[in-house]
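*Asks:*
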Amino acid sequence: MVSTNEPGHWFRHYSRAGHAPSRIVCFPHAGGSAPFYLPLSARLHPDTEVLAVQYPGRLDRYREPLVDDLGLLADVIHESIGALDEKPTALFGHSMGALLAFEVARRMESDGTAQPLALFVSGRRAPTTSRLESLDLTDDELVAQLGRLGGTSPVLLEDREAIQPILRVMRNDYKAVQNYRYSSGPKLSCPIVALIGTEDSRVTVPEARMWESETNAEFALRTFGGGHFYLTDSFAEVADEIIGVLRNSAVTSQA
207 MVSTNEPGHW FRHYSRAGHA PSRIVCFPHA GGSAPFYLPL SARLHPDTEV
257 LAVQYPGRLD RYREPLVDDL GLLADVIHES IGALDEKPTA LFGHSMGALL
307 AFEVARRMES DGTAQPLALF VSGRRAPTTS RLESLDLTDD ELVAQLGRLG
357 GTSPVLLEDR EAIQPILRVM RNDYKAVQNY RYSSGPKLSC PIVALIGTED
407 SRVTVPEARM WESETNAEFA LRTFGGGHFY LTDSFAEVAD EIIGVLRNSA
457 VTSQA
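Here the numbering used here is used: the first residue of the sequence shown is 207, the next is one more, and so on.
#1: Residues in its own chain within less than 6 Å of R218 by CB, not counting five upstream and five downstream?
#2: So what does DSSP say about A461, is it helix, strand or coil?
#3: Per DSSP, S328 is paired with what?
#4: Exposed or buried, what is A461 when buried is set at 16 or more other beta-carbons lying within 10 Å of its beta-carbon?
#5: Rounded C-beta distance between G329 and D406? I'm assuming under 8 Å.
#6: Looking at A423 and L394, is the spacing between their C-beta atoms short of 8 Å?
#7: For a test of the three-state rule: what should DSSP assign to I230, helix, strand or coil?
#8: So for R218, helix, strand or coil by DSSP?
#9: Please classify E255: does DSSP put it in a helix, a strand, or coil?
#10: From this set, V399, Y243, D275, D253, which residue's C-alpha is nearest N385's C-alpha?
#11: What three-state label does DSSP hand F435 in the structure shown?
#12: Can you have a look at A445 and say buried or exposed, based on whether 16 or more other CB atoms are within 10 angstroms of its CB?
#13: One question on the structure: do D379 and A280 come within less than 8 Å of each other, judged by their Cβ atoms?
#14: Pick out the complete beta strand (DSSP E) segments inside the stretch 307–369, 3 residues or longer, and give them in chain order.
#15: Measure the CB-CB distance between Y220 and L244 and report whether it falls below 8 Å.
#16: Apply the 10 Å Cβ neighbour rule to V411 and answer buried if 16 or more other Cβ atoms are within range, or exposed otherwise.
#17: Is the Cβ-Cβ distance between Y388 and P322 less than 8 Å?
#18: Hey, could you find the ends of the beta strand (DSSP E) R415 is sitting in?
#19: Hey, quick one: how far does the alpha helix (DSSP H) through R428 stretch, first residue to last?
#20: V282 lies in the alpha helix (DSSP H); which residues open and close that run?
#21: How is L272 classed by DSSP in three states: helix, strand or coil?
#22: For R222, does the count of other Cβ atoms within 10 angstroms reach 16, so buried, or fall short, so exposed?
#23: Go through its chain and collect everything with a Cβ distance to L343's Cβ below 7 Å, but skip five positions before and after it.
#24: Considering Cα atoms alone, identify which of L278, P252, R408, I372 is closest to E309.
#25: Can you list, in chain order, the residues of its chain whose CB lies under 7 Å from that of S455, leaving out five sequence neighbours each side?
#26: Distance check for G214 and L265, CA to CA, integer angstroms please.
Shown next as structure tokens:
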């Protein structure tokens, strides 16, 4: 069960920008949490208000049960966004977070209350693509995979006791991704920007380009040097991309 949809329960502010003209809601990857977006928040402040989603079952929400249903998470986060003060809002998601951001964008448009300024999908193939891959891994296999993907301290990976809570969260989130089923529906009316690392084994350029089929608006694909967690070395460049897209989207929406 999800206990509440209060915005303060789901979103973390790392730099106050209440008077910023626009907002971006950021969705972490599988096994991730809100602080992953601290560097991005610092680079977007003060022109953009940054809210990072904090999923249940980790960090300050560790006492809450994990949720392995992306549809349920999308429903509650959509409601939480609707409870915020009215402001043009974009969505950014990395890996699993990209799927979740996409589903929230669909809900925002379907209920007619707000159209996202833009949807940024990072490190994730389009939901219409498919791969034969198993996410049902042993501890050793999961630790090895985390090492290959990057984004996790090598010291932590070697401490099997300390890493158990992370593996528990990873297994939950992998289950959520495995259980996700794409359903066809109206195309989005907002621009979609796909961002990937050139060495990411989890997504190819053709797979990322397939996101274009999910929007009637503009689509762009941006590539960065690095693997699945290219973001950790590219937050500045990604922030510049976001700022440019949000400015253009804001001008278009006012025209």
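Idealized CB from N, CA, C, for every residue including glycine.
*Replies:* This is what the structure holds:
#1: A240, A258, Q260
#2: Confidence at A461 is low in this model, with a pLDDT of 49, below 50, so its placement is unreliable and no value can be given for it.
#3: Within the DSSP secondary-structure output, S328 pairs in a beta bridge with H300, L401.
#4: Because A461 sits at a pLDDT of 49, beneath the cut-off of 50, its placement in the model cannot be relied upon, and the following sentence gives the value as read from the coordinates. So A461 counts as exposed.
#5: 6 Å
#6: yes
#7: strand
#8: In the structure shown, the three-state DSSP call for R218 is strand.
#9: strand
#10: D275
#11: coil
#12: By the 10 Å Cβ count, A445 comes out buried.
#13: no
#14: 325–328
#15: Yes.
#16: exposed
#17: no
#18: Bounds of any beta strand (DSSP E) do not take in R415; it lies within the alpha helix (DSSP H) bounded by 411–415.
#19: Per DSSP, R428 belongs to no alpha helix (DSSP H); it is in the beta strand (DSSP E), 425–430.
#20: Per DSSP, V282 is one residue of the alpha helix (DSSP H) stretching across 276–288.
#21: Correct three-state label for L272: coil.
#22: exposed
#23: Q351
#24: L278
#25: L323, A324, P397
#26: 15 Å
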